[in-house]
Structures are given as structure tokens and as C-alpha cells.
Amino acid sequence: MKKKKSIIFPLVIFFTTIFSITFSDIKKSSASPSELIYKSEKSLKRFLSDQSYSRLHSLIKDAQAIIIFPNMLKGGFFLGIEGGDGVLIIKENQEWTSPLFFTMGSVSFGFQIGVTDAEVLLTIMTKRGLQTILDHRVKLGADVSVSAGPVGFGAEVATTIKLADIYSFSRGRGLYAGISVEGSYIHPNEDLNQQYYGKNIDVGEQSSYKKLLETGSDNFNKILGNR
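Mapping of the sequence shown onto my numbering: position 122 corresponds to residue 122, and the numbering continues sequentially without gaps.
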């Protein structure tokens with residue numbers, strides 16, 4: 001009995017420590033709007049320069065919008081928590097607008113111990129998908145369809161499969177495998193939008209902030225070129 005207790009106690013301490021680190025890391029991942037934009041630009045460049053994501057180029061060319069989450073943290077001790085902030089840019093008249101700020105997160109159950117830090121890029125392919133995300137809090141895979149984007153040399157989206165509202169790409173590192181966005185929730189980050197634009201932004205009412213977005217984002221437009 002004493003032997004069992006001597007084993008259990010260190011395990012409890014270990015897993016409690018892992019769980020605490022997970023929460024603190026996710027909390028620390030928040031950044032100012034300017035920092036988040038800078039990190040998102042760097043993340044986008046990494047995706048576009050990685051030959052494993054060559055199909056991403058044509059998807060972006062056909063996309064209505066993209067969302068970049070430069071630091072999605074996922075950690076768990078049986079209960080998994082995933083979260084991160086990102087920027088959404090909309091394509092209008094072949095130009096990319098100024099960013100809107102969103103948060104994505106999820107909770108999962110099952111055997112999972114460790115922490116993963118990943119960058120995630122979502123290509124929003126349909127007007128329905130974009131409008132749904134702008135209108136309200138969205139659950140990926142339920143309110144809008146989402147599929148993992150094709151990765152690898154010669155990767156293609158099957159033409160026989162109905163086009164998904166959203167394709168997701170992730171580049172991760174950590175103690176356990178990657179990040180799946182299906183089942184995650186996306187919603188506007190009101191605090192970051194207010195900090196950046198100096199006013200409350202109702203993301204669902206595009207007419208109320210459209211003028212703000214028309215200034216565009218020079219850096220994102222330079223990175224994406226004619227896409």
C-alpha cells in the first residue's frame with residue numbers, strides 16, 4: 001500500500017505541473033494587435049515558402065478570406081485545451097483588407113499529455129463560410145464545413161469532393177501530434193479589434209466598419225502579391 005502511494009504522489013505532482021504549465025502558456029500567448037499582425041505576417045511567409053504547402057497558393061487565390069493564427073497552443077492532462085488569437089483578412093477587388101481579430105479555441109477529452117505550439121492558417125473558400133464567421137460564434141465542422149488542406153508534393157484537392165467552406169493548414173511542434181481545428185470555435189476578439197481601430201467593431205455589421213478595412217494592409221498585400 002505504501003509503495004502504491006509512493007508512486008501515485010509523484011505522478012500527481014508531475015501531471016499537476018504539466019496541467020499548470022499548459023494553462024499558463026496559453027494565457028501568455030495573447031499579444032497586442034500590432035504584435036499579432038507582425039507574427040501573422042511571419043507565419044504566412046513560412047507557409048508560402050514551404051514546398052509541402054504548394055497547393056496552398058492556388059487555394060488562397062480562390063479564397064474569399066484567410067485567417068492566420070500564428071501561435072495556437074494546445075496542452076492537456078487528459079483534458080485538452082487549445083487556444084489562440086489570429087487575424088482575418090478579406091479579399092475585395094483582388095486586394096486584401098486591413099485585419100480583423102479573432103480567437104479560436106476548443107476543449108477535448110481523452111488521453112493527451114503535453115504541449116503543442118502550432119501555427120494555423122485557414123482559407124475561407126465560400127461566401128457562406130465567410131458570412132457565417134462574420135455573423136456569429138462559429139463551430140468548425142458544424143456551422144461551416146472544414147477539411148484538412150492537402151500537404152505534400154503533388155497534393156491536390158479531389159475534384160470529386162464537394163468544396164469545403166474552409167481548408168485548414170497547420171505547422172506544429174511539441175510533445176504530441178498536431179492540431180485539428182474540427183470542433184473548434186471561432187469568434188471575434190472584441191478587445192483586440194477595439195484596441196486596433198479605437199472603436200467598438202460589430203463584425204457582423206460590415207457596413208459599420210467597411211471604410212476602416214478599405215485602407216488595406218500593405219504588408220499582407222506585398223506578401224500575397226497577385227493571389
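For every residue, glycine included, the Cβ atom is placed at its ideal position computed from N, Cα and C.
Since the model is a prediction, treat every value here as computed from it, not as a measurement.
Given Gly216, which residues of its chain have a CB within under 8 Å of its CB, disregarding the five upstream and five downstream residues? Excluding sequence neighbours, Gly216 sits near Glu95, Trp96, Thr97 and Ser98.
Kindly indicate which three-state DSSP category Gly105 falls into: helix, strand or coil? strand
Other residues of its chain near Asp62: CB distance less than 7 Å, five sequence neighbours each side excluded: Met125
Tell me whether Tyr185 sits in a helix, a strand or coil according to DSSP, three-state version. For Tyr185, the three-state secondary structure derived from DSSP is strand.
Going straight from the alpha carbon of Gln60 to that of Phe47, what length do you get? The sequence given here has Ile at residue 60, not Gln. Distance between the alpha carbons of Ile60 and Phe47 is about 11 Å.
Could you tell me if Ala118 is buried or exposed, where buried requires 16 or more neighbouring beta carbons within 10 angstroms of its beta carbon? buried
Does the separation of the CB atoms of Phe102 and Pro188 fall below 7 Å? yes
For the candidate residues Gly149, Val151, Ala164 and Pro150, whose alpha-carbon lies nearest to that of Asp143? With distances taken between Cα atoms, Asp143 lies closest to Ala164.
If distances are taken between C-alpha atoms only, which option among Asp50, Val203 and Val151 comes closest to Gln131? Closest by alpha carbon: Val203.
Do Ser170 and Val120 count as a contact pair if the criterion is CB distance below 7 Å? yes
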